[in-house]
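Structure first, commentary second.
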Amino acid sequence: MGLVGPLVLYTNDARRGRLVAAANATARQRGVVPGMTLAQLTAICPEAKWSEHDPSADVEELLTIAEGLQQFCPLVGLETLGRQLWAGRSIHQSQGIFLDITGLAAWYGSEMRLGVAIQRWLAGERLLCTIGIAGSVGAAWAIANYRCRHQITDAMLRLESGEEFPADGDWVFEVAPGADMPESLGRYPIESLRLELDVVAKLHRLGIKTVSALLQLPRASLTSRFGPELLERIDQTIHGRDELIRSCSVGTPMEIDIELEHVVFDLVSLEGILRQASIELCKRLDQVGHGAFRIVCRIALERQSIAVDASDPQPSGMPLAHVIQLSLFQGSRDPEHWVWLLLGHLANNPLKLARGAAASRMRGHGEFGIRAVRIEATATAPLHWHQNQLFDGATNRYRDDAARLIDSLSSRLGRNRVLTPSIQRDPIPENQVRMRPLTGLRKDGESQRTKNKMGRKQGSKLGKDPKRDFSDEHSLESRPEEYLSRPTRLMSEPEPVEVVQLENGELASITHRREKFEVSAFAGPERIESGWWDGPTERRDYFRVVLSTGDWWWIYRDLQRKQWFLHGCFD
Amino acid sequence: MANEATESMAAGRATGHVTGRQTGHVAVGALDGFVAGVGETRQDQVSRLSREIRALETAGRPGGVRVSSGSVGMDRCLPGGGYAKGSMLELVHGGMSHRRGLFCGMGLMGLGVRIAKEWISDGRYMVILDRDRQFYAPGVAAMGVPLERLIVLQPSSESDAIWGMDQALRNSAVGAVVAWVHRLEDRVARRLQLATEHGGGVGVLLRDFHSSRTSPSWSDVQWRVRGSGNAADHASRGTADWQKRWYDMELTRAIGGRVGSRLRLGIGACGDWIEESRESGASHEQKSSLHLAAQLAQPARSRREMAG
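Going down the list, the sequences are from chains A and B. Residue numbers for the first sequence follow my numbering, beginning at 1 and rising by one. Residue numbers for the second sequence follow my numbering, beginning at 572 and rising by one.
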């Protein structure tokens, strides 16, 4: 990991404009605090780079991790939010994952060993994590969020300053055992109880900073003074009151498990097993009339004849399961298509299987056999076929073939590399285009079209029009003058250039990377300004420039910094 | 065309002198000695053999269907009046001294997308390979390319890029793939050509002069393009020229086409072709490819244009 400067994500607040939603450790070290406006940010940390926070992408990543964690435990869910933002958090969104490990410790030897196994897997995915293991959801949340906070910050700073990601084994955080909860939690700040901002503010005014100080107050008066939620949180965290974990895989379980009698070592057998599981699952989807948008396949691995040792679950740090996460462009219940995608994924990420006669000799030498396969459809939607329309036939004709292509591209390249652009209503050029993945959009992310245009049918069924999504509409379409006024290539980071401007305002030459170019013609300026409500104002004068070489560039003068930048080219 | 190809292939098999269709290398040795003397003139022989070779090279393509580029001038230079389905097209920047690999603005992407647009008018998809993650869509959208049928690939490695292109070209739902290509090995070029023939779309490769010389592709058509943006042009044309972008094009490769033809072609502000005949020297401009749908969508504009 190279040197990373201060990075900030902002969110748009209707009243206060752009607010910092999240900042990396470097930015925080320089005084950036979530909740401050971008104007304040630029005052204290002008070199910070910022971009808009994308809540759906956040949830997407968290759910992807949660699906991976299901190899350790079947019941995995995102943290449940309260009505209001909790103190200590800057965005009202799930940021943690709960695993119900009741009864699982025996499989791994102890809770600590399970924690270490999870931590190693996450480190393999290049993710930093804090883990709390406790007898209640609330206590585990408090430990995970507040016990190792300083260690995580230090580790993040080291990574951002250019250090390599720590190798497996060097990266061990303390996993808190669940026995002595009430005593150790007493030292924690009251924010660790997942309280709302106003309750924490009231307690702070009374000088109550820690959980132990809070517990000194008479219990009977808490509800009347601070509302019923405080008592509920104390019970959940300290007294082990039960709390629900909402599993990520809700609804009818769309999954097929195939346990093998003997461990297999070859891909041919695996293909047959995947096909069998896919056919079974597609039949189940067919019964409810659904198609899958997301498929998770877990291939349980086992060292041949040496069963995973309970006292040392992952001695070599290898995973217990190979997890394949597929996302699809449109709902599908075609088993052959699934198998094709799964095999394509395995071709690029091969299993470390012992092969042929070597299988018997390689026992215990880090090569694995396949013990079981589970295929699960984690996101499904109803599929309905509809009569082709007269005017949209051309588009629909190719939709199925295109879906297959997009699925296979996403499977190999990654869903974040197969994109479609959408144009936003934003005057600032770099914010005007949003690239979105074409596959696997979840219900809690963004809406996904199905073949039948489900939303329209549901809307008409309810007797009202479907909700109009203004943010998705193109603001620039049918404006013919735009083609030659906007470049086809936009630099992610504008590059500073030196421009010689004559007294009459004409541009004479541009020096870019120490190379000087004569300007043949130019058009401009075109003033582009951000709204005052969007935080620090951006004021730029853009020019289209034709160089003597025949190239067309798009440059601007930043009116606040009094500096010229090259921003794009008409490629 | 399909019949011609079949006959030619049959002739090739019968004489046994034309081989290597799979690898793309055609061995024609000793044809003179065997075939001459049947009554054909040398010119007939050459043209017949070139037909046979062409038929063998394009045997995998959907039978001789061609798609107009939308430009009368460009179509006139091309064999059959358009680009063949399942063919590769190469746009090479003509400037030898152009800074290779650096930031540029030669306009090849705009030209490539404009040509590719004709290939997706039947509802197919366009794929753009964007290795640098710098593709910017508003201009392309204004050109009339429907964004809902635009797929942008951002592969992380060269091998992924080639694989992605191959898959896209091979798919019948993809009308066109537009990509900057710098290095291209023989085998990769042939693989892309076969994929294009299989899919029936068009592959538009954008290349700089240096890379096209050092690693030639298997494209069927190659245009050498120069931006027409010198100072004299702009001084004489004034600011109105910002509504058009002109290209000086030379056809450097086209099997059966008018190789060596030169063309001065422009793209207007709404993505329409603007043609200027170089031979006549007059500023005869002809707008083309204004579809009925576009006119209906903007009746006022259409009326103004018709009124002059």
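Yeah, the Cβ is synthetic: ideal placement off N, Cα and C, and Gly gets one too. Predicted, not measured: the structure shown is a model, and the values here were computed from it.
Item, Value
"Contacting residues, own chain, Cβ-Cβ under 6 Å from A:HIS345 (five flanking each side not counted)", "ILE324 and SER411"
"C-beta contact flag for B:ALA732 and B:TRP690 at 8 Å", "no"
"heavy atom of the ligand FAD below 7 Å from B:LEU777 C-beta", "Within the structure as shown, the ligand FAD is missing, as the structure has no ligands at all."
"Buried versus exposed call for A:ALA508 [16 or more other C-beta atoms within 10 Å across all chains shown]", "exposed"
"Beta carbon of A:LEU350 nearer than 8 Å to that of A:ILE279", "Correcting the residue identity first, residue 350 of chain A is Pro in this sequence and not Leu. In this structure, A:ILE279 does not lie closer than 8 Å to A:PRO350 by Cβ."
"Own chain, CB closer than 6 Å to A:VAL4, minus 5 neighbours either side, in chain order", "GLU160"
"Extent of the continuous alpha helix (DSSP H) to which A:LEU220 belongs", "In the sequence under discussion, the amino acid at residue 220 of chain A is Ala, which differs from the Leu named in the question. Segment 219-226, the alpha helix (DSSP H) holding A:ALA220."
"A:SER90 burial status per 10 Å Cβ neighbour count (16 or more: buried)", "buried"
"Identity of the residues DSSP links to B:VAL748 by a beta bridge", "B:VAL698 and B:GLY774"
"Inter-residue spacing [alpha-carbon to alpha-carbon] between A:HIS53 and B:GLU768", "43 Å"
"7 Å Cβ shell around A:ASP58 - same chain, five flanking residues per side excluded", "GLN93"
"Terminal residues of the alpha helix (DSSP H) in which A:SER408 lies", "399-413"
"For B:GLY735 and B:VAL792, believed in contact at Cβ under 8 Å, the rounded distance", "Rounded, the Cβ-Cβ distance is 23 Å, inconsistent with contact."
"The segment 701-714 of chain B / the segment 760-776 of chain B touching (three or more Cβ pairs under 8 Å)", "no"
"Listed by chain order, chain A residues near B:LEU721 by CB distance under 9 Å", "THR420 and PRO421"
"Boundaries of the beta strand (DSSP E) in which A:LYS49 is found, first to last residue", "49-52"
"Bounding residues of the alpha helix (DSSP H) (the contiguous stretch that carries A:LEU281)", "267-288"
"Residues bridged to B:TRP813 (per DSSP)", "Answer is none; B:TRP813 lacks a bridge partner."
"Assigned exposure category for A:VAL33 - 16 Cβ within 10 Å defines buried", "exposed"
"Boundaries (first-last residue) of the alpha helix (DSSP H) holding B:LYS688", "679-688"
"Partners in chain A for B:LEU679, counting only beta-carbon separations shorter than 8 Å", "ASP571"
"Contact belief for B:LEU724 with A:VAL418 at Cβ below 8 Å, rounded distance in angstroms", "6 Å"
"Which residues DSSP lists as bridging A:SER327, in chain order", "A:ARG294"
"Check whether A:ILE143 and A:GLU111 have beta carbons under 8 Å apart", "no"
"Backbone secondary structure at A:ARG83 - three-state DSSP", "coil"
"Collapsed DSSP secondary structure at A:ARG540 in the structure displayed", "strand"
"Unbroken alpha helix (DSSP H) run spanning B:ARG795, endpoints", "Per DSSP, B:ARG795 belongs to no alpha helix (DSSP H); it is in the beta strand (DSSP E), 792-798."
"C-beta atoms of A:GLU191 and A:GLY35 nearer than 8 Å", "no"
"Beta-carbon neighbours of B:LEU836, restricted to chain A and to distances below 7 Å", "Within 7 Å Cβ-Cβ: nothing; B:LEU836 doesn't reach chain A, min ~14 Å."
"Assigned exposure category for A:THR11 - 16 Cβ within 10 Å defines buried", "buried"
"Beta-carbon proximity of A:SER415 to A:GLY440, cut-off 8 Å", "Note that residue 415 of chain A is Arg in the sequence shown here, rather than Ser. Cβ atoms of A:ARG415 and A:GLY440: closer than 8 Å."
"Cutoff 8 Å: B:SER640 Cβ touching any chain A Cβ", "no"
"Whole runs of the beta strand (DSSP E) within the segment 720-745 of chain B, excluding any shorter than 3 residues", "721-724"
"A:ALA402 and B:TYR818 closer than 8 Å at C-beta", "no"
"Residues that A:LEU409 contacts on chain B, provided the C-beta gap is smaller than 7 Å", "LEU724, GLY735 and GLN738"
"Close-in-space but distant-in-sequence residues of the same chain around A:GLU498 (CB under 6 Å, 5 per side omitted)", "THR511"
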